[in-house]
Every structure is written in C-alpha cells, then in structure tokens.
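Protein chains in written order, with this note's numbering: chain A, 6 to 116; chain B, 22 to 131.
From the three backbone atoms N, C-alpha and C, an ideal C-beta is built for every residue, glycine too.
As the structure is a prediction and not an experimental result, all values here were calculated from the model.
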Amino acid sequence: DAEITQSPRHKITETGRQVTLACHQTWNHNNMFWYRQDLGHGLRLIHYSYGVQDTNKGEVSDGYSVSRSNTEDLPLTLESAASSQTSVYFCASGDRAGELFFGEGSRLTVL
Amino acid sequence: EDKVVQSPLSLVVHEGDTVTLNCSYEVTNFRSLLWYKQEKKAPTFLFMLTSSGIEKKSGRLSSILDKKELFSILNITATQTGDSAIYLCALRESYGKLTFGQGTILTVHP
Numbered sequence: 006d007a008e009i010t011q012s013p014r015h016k017i018t019e020t021g022r023q024v025t026l027a028c029h030q031t032w033n034h035n036n037m038f039w040y041r042q043d044l045g046h047g048l049r050l051i052h053y054s055y056g057v058q059d060t061n062k063g064e065v066s067d068g069y070s071v072s073r074s075n076t077e078d079l080p081l082t083l084e085s086a087a088s089s090q091t092s093v094y095f096c097a098s099g100d101r102a103g104e105l106f107f108g109e110g111s112r113l114t115v116l
Numbered sequence: 022e023d024k025v026v027q028s029p030l031s032l033v034v035h036e037g038d039t040v041t042l043n044c045s046y047e048v049t050n051f052r053s054l055l056w057y058k059q060e061k062k063a064p065t066f067l068f069m070l071t072s073s074g075i076e077k078k079s080g081r082l083s084s085i086l087d088k089k090e091l092f093s094i095l096n097i098t099a100t101q102t103g104d105s106a107i108y109l110c111a112l113r114e115s116y117g118k119l120t121f122g123q124g125t126i127l128t129v130h131p
C-alpha cells in the first residue's frame, strides 16, 4: 500500500543546531507540503513543492528550507533551530485537486 | 490572502447529542473546501465539497457548502466518544495547496 512516512517521530535539539526532518511518500504524487501545528493555529503551511526541483514558500517559511531532488522525498531543514520552532510538523502529499494524505507527524522540541 | 475561520474553537457534549461545526472563509478563486478529522496523529480526510447545496454524507457525519454566504457546516448526529477529535476545515484556492482553519476541538463525554 502507498504511504507517507516521516522521521524522526520525536526529536529534541538545542537552540542553534541544524535539524532535518525527512518525508518520504510512495503515492507518486507531484505535490508535497510541510505544515506545522501549534495550539490555536491549526495547520500552517511552511513550504511546498509541485514537482522535482520546484519549491515555494508558505505563510511561515522563515528559518526553514526544503529541497526536492526526486518525486518521493521532501526534507525540511531548520538552519538554526529556535525555541519558537518547537512544534509538531506534518508532511503531506496529494494531486492537484484531491485530498492531501498526511504523515504521522514529527514532534520537535528545541531547548 | 485566503482566510478560514472555524467556530466554535472547542465544544463539549454528551454521547447522543448532535453537533454542528462551522467554517467560514474568504477566497479569491474557490476550488474546493475539505474537512478532516484529527485524533492523536495525522489528519484523516472526511469530505471534499465543491458545489453549493449538495450534502455529502458518511454514516452519522454530513457536510454542506454555501458558496454564496461563504461557509460550510459539518454535522455529527448521535455523537459517540470516538468522535472526540480536532475537526479541521481547509480551503483550496489553487493547484493542491490547502489553507487550514484553527480547528474545532470536540470532546464527547459518555
């Protein structure tokens, strides 16, 4: 069965360190997205990609970057982690008109 | 910029009650509105609405869209404790990207 997986599921890091969250999907979707979820804010879009070599900024992109070298993967990098980036991160994939399929989430704590 | 507002932000009911969750939106070019249910982990898809006045139904859950008044509602009848979750409304304006509301936290007590 096709799926979307995230790793690590839990991560504790220190302020200033670089962190990368992995996202891998086997749906063969062109569109992939990274959201963060914080209490009271729902899901907010960080970055997204509509295909290989395509990346776009979402509403809360500062301090984050992504790269898309193949269809299956969209890693999210925090260049220099800050306490404000403590959150639950969800990766999602989908086609242009249908539903999005979400990964199980990665809980990141920045101390 | 797209805007999605859900109400109420939280709701506590007893088993058997009927609940109505609201989602209002502002958008330039509407394509679709989606509802998701989120329990402990990943959001799971419930409904996608594209046309006004056509009810989507799945068991005890139903949803309808009003494109003139720019809102959607999600109804849950005969609630059960397993309905306790965060319900998320999301708007699609263009090519796959979804804009989410804050979510409604529903708690169903036995």
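- Not one beta carbon of chain A lies nearer than 8 Å to the beta carbon of residue 131/B.
- In this structure, the beta-carbon distance from residue 95/B to residue 42/B falls below 8 Å.
- The C-alpha of residue 78/A is placed about 5 Å away from the C-alpha of residue 29/A.
- Residue 89/B sits exposed, since fewer than 16 C-beta atoms from the chains shown fall within 10 Å of its C-beta.
- Residue environment analysis places residue 116/A among the exposed positions, since fewer than 16 neighbouring C-beta atoms fall within 10 angstroms of its C-beta.
- The beta carbon of residue 107/A lies closer than 6 Å to those of 95 and 97 in the same chain, with the five residues before and after it left out.
- Ranking 52/B, 81/B and 124/B by CA distance to the CA of residue 104/A puts 52/B first.
- The contact set of residue 66/B on chain A, defined by CB atoms closer than 7 Å, consists of 104 in chain order.
- The segment 33-49 of chain B makes no contact with the segment 60-79 of chain B, as fewer than three CB pairs between them are under 8 Å.
- The bridge partners DSSP lists for residue 39/A are 52/A and 96/A.
- Contact with chain B is absent for residue 33/A, since none of that chain's Cβ atoms lies less than 8 Å from the residue's Cβ.
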